[in-house]
Amino acid sequence: TQLEEASLLQFMGLSKVPSPRIAQPVPSILMKIFQERQKAVATGHFQKLCYVKEFGVPGNLIRLFQDQGTLSNPEEVAQAPPCTRKFLLFNISVIAQDEQLMMAQLELRLRLNGYDALKQDLELMLSLVQGPSPQSEQKLLLRYLPWSQGVLHVDLLDVVKEWNSNPQSNLGLVLELLPKGHRNSTVTTHPPDICDNWRQSIQASLMVVTLTPEECPHFPHFPRKRR
Amino acid sequence: ATFPTLESTTNHLCQRHHMVINFEKLGWHKWIIAPKEFRTNYCKGDCPFSLMAFFNSSNYAFFQTLMNSKTPEIPKAACIPTKLSPISMLYYDNDGNIILQHHEGMVVDECGCG
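Top to bottom, those sequences are chains F and U.
Residue numbering for the first sequence is 24 to 250, as defined by the numbering used here.
Residue numbering for the second sequence is 8 to 121, as defined by the numbering used here.
Listed below in structure tokens is the structure:
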């Protein structure tokens, strides 16, 4: 029975029975897409399984990657207040070579428990880690957020394509969050909470949509092979 | 739905039978988020030569059944799925990531002799 179970898991792209330590909550958008796909199957509209209309992109496989940055960056753990830098890392190695990347969206969910006492707009900067020193970071995004805003989506398709084609380049991302106007200030504003609280106030996940040619051979997005 | 309803006297003939796979009973409910179970069918029954046309049989199945009547060592054509459809599954992988994928060939829609 174990051998048969292993075969079935392999068919699903898994090496063993998953035992998630922390089961992250399923976003409502994923549950909605799942229900739409069930309806499509029930009505025989199998072509709809190769298009994600909720995101407006072709794709038959959707993954929501967990941020593993906190686990792999001891420097961050030791960081003293104001601890505004957070390291993000997504292990996307499970994406197979034959999958075409169609969408990669970073979701940053801010629960402002650590900063809400400030009631200030926030300055958010996202950088790509390219080497061991902070000087090698490539700035991707600088955005101001109203203090009450909770969710931010960032298109990372080009970045994830590069990580996928060259896995060694996936050194992660750095997120920096400061009260607006304090970046160049000589006065350090200390947030009222400690680092753990700060880290818990930001949750990052990466939604990736891919298209597998074998599963979606009828989809016209692919260039035709030469006969 | 493709085949006419078979009378109880023909229950031994090739046809689909309902089957429900419950992930909790498999012990997979901790990582498969949805569906909790899926309804499919299995194929079971005889494929007599006289009814081969009725069972949506392949040309090969005709010949195999014909050969069986002459040479019993050659088995009869088997009752097998002739049309399958996919299901979508939402589950956690080994890293705790959430996957939404459709898997082909999970539900037996029709059976036939092949």
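Cβ coordinates follow ideal geometry from the N, Cα and C atoms, glycine included.
In the three-state scheme derived from DSSP, where H, G and I count as helix and E and B as strand, residue 73 (chain F) is classed as helix. Taking residue 98 (chain U) as the centre and dropping the five residues before and after it, the same chain places the C-beta of 38, 39, 40, 106 closer than 7 Å to its C-beta, in chain order. Within the same chain, and ignoring the five residues on either side of residue 36 (chain U) in sequence, the residues whose Cβ sits closer than 8 Å to its Cβ are 30, 43. Under the three-state reduction of DSSP, residue 58 (chain F) is assigned to helix. Taking the Cα positions, residue 60 (chain U) is about 15 Å away from residue 117 (chain U). Boundaries cannot be given for residue 61 (chain U), as no beta strand (DSSP E) includes it and DSSP labels it neither H nor E. Among the residues of the segment 89 to 115 of chain U, those with a Cβ less than 9 Å away from any Cβ of chain F are 92, 93, 94, 95, 96, 97, 98, 99, 100, 101, 102, 103, 104, 105, 106, 107, 108, 109, 110, 111, 114, in the order of the chain. Not a single CB atom of chain U sits nearer than 8 Å to the CB of residue 184 (chain F).
For residue 127 (chain F), none of the residues of chain U pass the 7 Å Cβ criterion, the least Cβ distance being about 13 Å. Looking at the backbone, the Cα of residue 48 (chain U) and that of residue 24 (chain U) are separated by about 5 Å. For residue 132 (chain F), no CB of chain U lies under 8 Å from its own CB, so it is not counted at the interface with that chain. Put simply, the CB of residue 189 (chain F) is far from chain U, with every gap to its CB atoms at 8 Å or more.
At a cut-off of 8 Å, the C-beta of residue 60 (chain U) has no neighbouring C-beta in chain F.
When U:45, U:72, U:91, U:17 are compared, the shortest CA-CA separation from residue 85 (chain U) is found for U:72.
Taking all protein chains in view, the Cβ of residue 100 (chain U) is crowded by 16 or more other Cβ atoms within 10 Å, so the residue is classified as buried. When 7 Å is used as the limit between beta carbons, residue 28 (chain U) is near no residue of chain F, the shortest such separation being about 11 Å.
Runs of alpha helix (DSSP H) with 4 or more residues, each lying fully within the segment 30 to 98 of chain U, are found at 30 to 33, 66 to 77, listed in chain order. Beta-bridge annotation (DSSP): residue 126 (chain F) is paired with F:232. Residues of chain U whose Cβ lies closer than 8 Å to the Cβ of residue 83 (chain F) are, in chain order, 108, 109. Going by C-alpha positions, residue 89 (chain U) is about 9 Å away from residue 64 (chain U). Selection F:237, F:166, F:76 evaluated against residue 55 (chain F) yields F:76 as nearest (Cα-Cα).
Residue 153 (chain F) carries a coil assignment under DSSP once its states are collapsed to helix, strand and coil. Residue pairing from DSSP places residue 177 (chain F) in a beta bridge opposite F:129.
For residue 118 (chain F), the three-state secondary structure derived from DSSP is coil. For residue 34 (chain F), the number of other beta carbons within 10 angstroms of its own is below 16, and it is reported as exposed.
Using a Cβ-Cβ cut-off of 8 Å, residue 80 (chain F) does not count as an interface residue toward chain U, since no Cβ of chain U sits closer than that to its own. Check the Cα spacing between residue 104 (chain U) and each of F:115, F:173, F:67, F:63: the tightest is with F:115. Exposed is the label assigned to residue 81 (chain U), since fewer than 16 other Cβ atoms lie within 10 Å of its Cβ. In this chain, the beta strand (DSSP E) harbouring residue 116 (chain U) covers 105 to 120. Taken through DSSP and simplified to helix, strand or coil, residue 227 (chain F) comes out as strand.
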